[in-house]
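Visitor:
Number of protein chains: 2
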Amino acid sequence: MKKAVVLLSGGLDSTTVLYLAKSQGYEVYAMSFDYGQRHKKEIQCAKDIASGAGAAEFVLVTTNMNVWGGSALTDDSIKVPEFNEESEKIPVTYVPARNMIFLSYAASYAEAIGAYDIFIGVSEVDYSGYVDCRHEFIDSMEKTINLGTVCAVEHKKYIKIHAPFLHKTKSEEIKIGMNLGVKYEKTWTCYNGEKFACGICDSCRLRLKAFKEAGYKDPIKYKGEK
Amino acid sequence: MKKAVVLLSGGLDSTTVLYLAKSQGYEVYAMSFDYGQRHKKEIQCAKDIASGAGAAEFVLVTTNMNVWGGSALTDDSIKVPEFNEESEKIPVTYVPARNMIFLSYAASYAEAIGAYDIFIGVSEVDYSGYVDCRHEFIDSMEKTINLGTVCAVEHKKYIKIHAPFLHKTKSEEIKIGMNLGVKYEKTWTCYNGEKFACGICDSCRLRLKAFKEAGYKDPIKYKGEK
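Taken in sequence, the protein lines are chains A and B. With my numbering applied, the first sequence corresponds to residues 400 to 625, in that order. With my numbering applied, the second sequence corresponds to residues 400 to 625, in that order.
(1) As a quick exercise: from A:R604, A:I448, A:S522, A:L459, pick the residue whose alpha carbon is nearest that of V581 (chain A).
(2) Compute the beta-carbon to beta-carbon distance between E441 (chain A) and G410 (chain A), rounded to the nearest angstrom, for a pair I have assumed lies under 8 Å.
(3) Taking the beta carbon of G623 (chain B) as the centre, do at least 16 other beta carbons fall within 10 Å, making it buried, or is it exposed?
(4) Going along chain A in order, which residues have a C-beta closer than 7 Å to the C-beta of F518 (chain B)?
(5) Taking the beta strand (DSSP E) that V404 (chain B) falls in, what are its first and last residues?
(6) Listed in chain order, which residues of the segment 565-585 of chain A have Cβ atoms closer than 7 Å to some Cβ of chain B?
(7) Can you pull the chain B neighbours of Y504 (chain A), defined as C-beta to C-beta under 7 Å?
(8) Is there a Cβ from chain A that is less than 8 Å from the Cβ of K542 (chain B)?
(9) Determine, using beta carbons only, whether V530 (chain A) comes closer than 8 Å to chain B.
(10) In three-state terms, what does DSSP make of T462 (chain B)?
(11) According to the neighbour-count rule (16 or more other Cβ atoms, all chains shown, within 10 Å of its Cβ), is M540 (chain A) buried or exposed?
(12) Distance cutoff 8 Å, beta carbons only. Does V552 (chain B) sit that close to anything in chain A?
(13) Please list, in chain order, all residues of the same chain as A551 (chain A) whose beta carbon is under 8 Å from its beta carbon, the five residues on each side excluded.
(14) Ordered along the chain, which non-local residues of its own chain (more than five positions away) have a Cβ less than 7 Å from that of C444 (chain B)?
(15) Compare the beta carbon distance of A403 (chain B) and F518 (chain B) with 8 Å and say whether it is the shorter of the two.
(16) May I ask you to verify whether the segment 507-514 of chain A touches the segment 416-432 of chain A, counting CB pairs closer than 8 Å and requiring at least 3?
(17) Closest Cβ-Cβ distance between S507 (chain B) and chain A: below 8 Å?
(18) Throw me the rounded Cβ distance for the T415 (chain B) and G576 (chain B) pair, which I believe falls under 8 Å.
(19) For G424 (chain A), is the classification buried or exposed, using 16 other Cβ atoms within 10 angstroms of its Cβ as the cut-off for buried?
(20) Out of A:H438, A:A452, A:K594, point me to the one whose CA is closest to S422 (chain A)'s CA.
(21) Comparing the C-beta of A511 (chain B) with each C-beta of chain A, is any distance below 8 Å?
(22) Since N463 (chain B) meets chain A, which of its residues come closer than 7 Å, beta carbon to beta carbon?
(23) List the DSSP bridge partners of F457 (chain B).
(24) Please tell me whether F610 (chain A) and D617 (chain A) are closer than 8 Å, where the distance is taken between their beta carbons.
(25) Where does M400 (chain B) land, buried or exposed, given buried means 16+ other C-beta within 10 angstroms?
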């Protein structure tokens, strides 16, 4: 059975990608990151999702990216915005070079376990300043991985980065995921790590909009909902 | 003053690079990694070297790359070889994609502090299976960084990876370092983290050979030396 490393945040995109990789016959090795996000809830979600989807392994990378800050997700001194009015600008939730770091770890893990496929749930359709979600970046990263790993350079066994949602909207993703039986009730999207999702942060708004467009009701419970 | 991020392991190469960056007028921001190496001695050395050389900041990234193993430096079940007889093969001290991970962090740090220069002490002359020490990899990584960071994509302020010793031997490096006043007595190369360097591991042998070729006496003390 072919092995695949799946970058899994516990959110909607990466969870759908995990199910997609499984449906394509891969034995999935899930990799998540604890990098000083404000809340640990999405890490627990990622673990539960990996286990529920029958992943062969769940690896949690812990690291302190927050020491050099620059992001509302890791820097306690920056307030998370409830609504990003200037959506043309880089959102303050940006962690510099985050996907580059994630994909480098995924390449390391892939080489160690003999996997030649890496899955990541980025989309450039919903692009709002996240430069490391664009295909130019993903393509270049794949080239770099194949110049920096022994399997590729010495053994001509190349690593491929699969970004199946690169040109898909979130609502298109949800439709695919629903057909694959993704347990969206287990995913977490809200910037805040409280018991129920807030429903008002940027992230919740995008999620709710996508479910509506896809024609489904979001199965998670929102604050104040009965 | 122009800022530069310097990847500093506390060894001979990266320490020389740090002094070189300083000599070129950069304000240096040193970045080291605690990734589950067997001994912490080189981390303490890196910290002391950064402070002694007047670095503006010293950032220690802690991370658990050792969870997926694959290297004698991070996996306690693999014995570190005293002498690598099959030098054509990949050494067991290889950590998959290590420089890719290090350079991704350096790019993140650089973007956060507004640095456009990253220094790394790799050499492809002493290449022995470390595919991520080759210029093809470094060049590709630089391209990837400039497609994955906001400073480059949005503001056309590109990040350059400087690998000044890419085509230099260790003995050439030492000659340069001696002229720059590098405090080699503060560096650590030995695979073992004991009080004195062992003098017999692969790493010690290469170091001793390089000092001899450069015409200098290695200022660190070796086990059993008077």
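Don't be surprised by glycine CBs; every beta carbon is placed ideally from N, CA and C.
Guide: From the atom records:
(1) The residue given as residue 581 (chain A) occupies position 182 in the first sequence. Residue A:I448 is the option with its Cα nearest to V581 (chain A).
(2) Counting from one through the first sequence, the residue named residue 441 (chain A) turns up at place 42. Counting from one through the first sequence, the residue named residue 410 (chain A) turns up at place 11. Indeed, because the Cβ distance is near 7 Å, the residues count as touching under 8 Å.
(3) Stepping through the second sequence from its first residue, residue 623 (chain B) is reached at position 224. Exposed: under 16 other Cβ atoms inside 10 Å.
(4) Sequence index remark: in the second sequence, residue 518 (chain B) carries index 119 (1-based). What F518 (chain B) touches in chain A: nothing, since even the nearest Cβ is about 17 Å away.
(5) Within the second sequence, numbered from 1, the residue matching residue 404 (chain B) stands at position 5. From DSSP, the beta strand (DSSP E) with V404 (chain B) extends over 402-406.
(6) none
(7) Taking the first sequence and counting its residues from 1, one reaches residue 504 (chain A) at position 105. Under the 7 Å cutoff, chain B gives I500.
(8) Within the second sequence, numbered from 1, the residue matching residue 542 (chain B) stands at position 143. Yes, because at least one Cβ of chain A sits closer than 8 Å to the Cβ of K542 (chain B).
(9) Looking up residue 530 (chain A) in the first sequence gives position 131. It does: the Cβ of V530 (chain A) has a partner Cβ on chain B nearer than 8 Å.
(10) Walking along the second sequence from the start, residue 462 (chain B) turns up at place 63. Of the three classes helix, strand and coil, the one that applies to T462 (chain B) here is strand, per DSSP.
(11) Here residue 540 (chain A) refers to the residue found at position 141 of the first sequence. It counts as buried.
(12) For the purposes of this step, residue 552 (chain B) is identified with residue 153 of the second sequence, where counting begins at 1. It does: the Cβ of V552 (chain B) has a partner Cβ on chain A nearer than 8 Å.
(13) Working through the first sequence from its first residue, we reach residue 551 (chain A) at position 152. If we look at A551 (chain A) and ignore the five residues flanking it on each side, its Cβ neighbours are I544, N545, Y557, I558.
(14) Working through the second sequence from its first residue, we reach residue 444 (chain B) at position 45. The answer, listed in chain order, is G409, K585, T586, W587.
(15) For this step, residue 403 (chain B) is matched to residue 4 along the second sequence. For this step, residue 518 (chain B) is matched to residue 119 along the second sequence. Cβ distance < 8 Å, so A403 (chain B) and F518 (chain B) count as in contact.
(16) yes
(17) Numbered from its first residue, the second sequence carries residue 507 (chain B) at position 108. Chain A contact via Cβ: present.
(18) Here residue 415 (chain B) corresponds to residue number 16 of the second sequence, with the count starting at 1. Here residue 576 (chain B) corresponds to residue number 177 of the second sequence, with the count starting at 1. Yes, T415 (chain B) and G576 (chain B) are in contact; Cβ-Cβ is about 4 Å, under 8 Å.
(19) As a position in the first sequence, residue 424 (chain A) is number 25, starting the count at 1. Within 10 angstroms of the beta-carbon of G424 (chain A) lie fewer than 16 other beta-carbons, which makes it exposed.
(20) Residue 422 (chain A) sits at position 23 when you count from the first residue of the first sequence. Selected option, being the one with the closest Cα: A:A452.
(21) Indexing the second sequence from 1 puts residue 511 (chain B) at position 112. Closer than 8 Å to some Cβ of chain A, the Cβ of A511 (chain B) qualifies, so yes.
(22) For this step, residue 463 (chain B) is matched to residue 64 along the second sequence. Near N463 (chain B) (Cβ distances below 7 Å), the residues of chain A are V460, T461.
(23) Within the second sequence, numbered from 1, the residue matching residue 457 (chain B) stands at position 58. In DSSP, F457 (chain B) forms a bridge with B:A429.
(24) Position 211 of the first sequence, counting from 1, holds the residue named residue 610 (chain A). Position 218 of the first sequence, counting from 1, holds the residue named residue 617 (chain A). Closer than 8 Å, so yes.
(25) Along the second sequence, one-based indexing puts residue 400 (chain B) at 1. M400 (chain B) is exposed by the Cβ-count criterion.
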